[in-house]
Amino acid sequence: MSLFWRIFGLNAVVLGAATALLLWAPVTVSVPILLPEAAILLTGLGVMLVANAALLRIGLAPLDRLSRLMSTVDLLKPGQRLSAPVRGGIAEPVHAFNAMLDRLEAERATSSARALSAQETERRRIAAELHDEVGQSLTAVLLGLKRTADQAPDPLRGELLLAQETVRDSLDEVRRLARRLRPGVLEDLGLAAALTSLATDFATHTGMKVSRGIQSGLPPLEREAEVVIYRVAQEGLTNIARHAEADRAELAIHRTGSSVVLRIDDDGRGIGEAAEGAGIRGMRERALLLGATLDIAPSPAGGTRVLLTVPSAGKGARP
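FYI, the numbering for the sequence shown is 1 to 319, going by the numbering used here.
Have a look at this one:
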């Protein structure tokens, strides 16, 4: 039965019941109307309105749920669906909406995969240019300053040595940026070594104490999964440095059943009710690529916990 006929039927039932009461009830209406008769008529009208409203609310309840979900659905949090009635006109739009969400989530995952793949390619290109072009230029400047400082008189040598230290610091920063853009240790030594290097580098440059818990014997992961885990860990530590006001952080990865779980805890001020920024949404997009789940919640330490659960797979896995 279509929605139109369902609503028509509900109203017909209410109006038919009211008509039957008027036909067979021993109540008459005088002219002019008497107060008891007016009270009976108004009571009957009230009963009809209440019954009609209750029946319509029951019949249209799935549409209310559909409207609320449409206003709050987030494609980065998949699996949000409505349970449709077994039959009736309302089941059709609910099924259509659920099917639309299926298509949108699949298209979003495909487009995100392409965008993130292009992003990784561009990061590798920029890292190579930083290392090969900018790094070599700064190295040449550094060597030139050293030769000049060796031949310069004492009053000028101090300034040249200071300039040499500035260039050396800039060269170190360029190399650090290149490593962040293209984690060579991940490609060469694997995920555990890359996460260890990431935590050490983070602690060195922020002064924060970072504890590590890298379980040995992790199941084999696809190369894409290793990149996603590394990038989520990188973004999570970056968010701690920028926003958490924390003194300690913990980076851990372990095996749970057939899944690999990455956990990042801090003792900062917590995420609270703040809206998710581009960094967290980027983490969710990466998790979607693998069918992984990303949970961000308060940490037992008082700050924030980031939990990434990645299903392991053998296809394309690193040996």
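C-beta: ideal position from N, C-alpha, C; glycine also. Note that the structure is a prediction, hence the values are computed from the model and not measured.
Selection A99, T43 and A113 evaluated against G282 yields A113 as nearest (Cα-Cα).
Cβ neighbours of L10 within its own chain (closer than 8 Å, five residues either side excluded): N52, L55, L56 and G59. E92 and N98 have their C-alpha atoms some 10 Å from each other.
Counting every other CB atom within 10 Å of its CB across the protein chains shown gives Q234 a total of 16 or more, marking it as buried. Here the C-alpha atom of L186 lies approximately 17 Å from the C-alpha atom of Q119. DSSP places G277 in the coil class of the three-state scheme, outside both helix and strand. Cβ atoms of R263 and A252 come within 8 Å of each other, at about 5 Å. Residue burial annotation: L42 is exposed, with fewer than 16 other C-beta atoms found within 10 angstroms of its C-beta. The DSSP-derived three-state label of S258 is coil. Ranked by Cα distance from A106, the options L308, S312 and L290 are led by L290. Between H243 and the set L288, G268, A17 and L101, the nearest pair of CA atoms involves G268. With the rule of 3 Cβ pairs closer than 8 Å, the stretch 217-236 counts as touching the stretch 300-315. The Cβ neighbour count for R125, taken over all protein chains shown within 10 Å, is under 16; the residue is labelled exposed. Here V310 carries a strand assignment [DSSP, helix/strand/coil]. Here the C-alpha atom of A61 lies approximately 49 Å from the C-alpha atom of E122. Taking one beta carbon from each stretch, the stretch 133-148 and the stretch 165-174 have 3 or more pairs nearer than 8 Å; the two touch. Across the structure, E159 and R182 are spaced so that their CA atoms are roughly 35 Å apart. With contacts defined as CB atoms closer than 9 Å, A178 and A241 fail to qualify as a contacting pair.
Looking at the backbone, the Cα of D64 and that of I40 are separated by about 34 Å.
Bounds of the beta strand (DSSP E) holding G213 are K209 to I214. In the DSSP assignment, no residue is bridged to T19. Counting only residues of its own chain and dropping the five nearest sequence neighbours on each side, L116 has a CB closer than 8 Å to the CB of E285, R286 and L289. Contact between S312 and L221 holds, with the beta-carbon distance rounding to 6 Å and staying under 8 Å. It is roughly 36 Å from the alpha-carbon of G302 to the alpha-carbon of L104.
About 6 Å separates the beta carbons of G135 and L171, which is inside the 8 Å limit, making them a contact pair.
Here the alpha carbon of V47 sits roughly 38 Å from the alpha carbon of V73.
In this structure, V310 and I229 form a Cβ contact; the two beta carbons are roughly 6 Å apart against a cut-off of 8 Å. Runs of alpha helix (DSSP H) with 4 or more residues, each lying fully within the stretch 99-163, are found at 135-151, listed in chain order. R269 carries a coil assignment under DSSP once its states are collapsed to helix, strand and coil.
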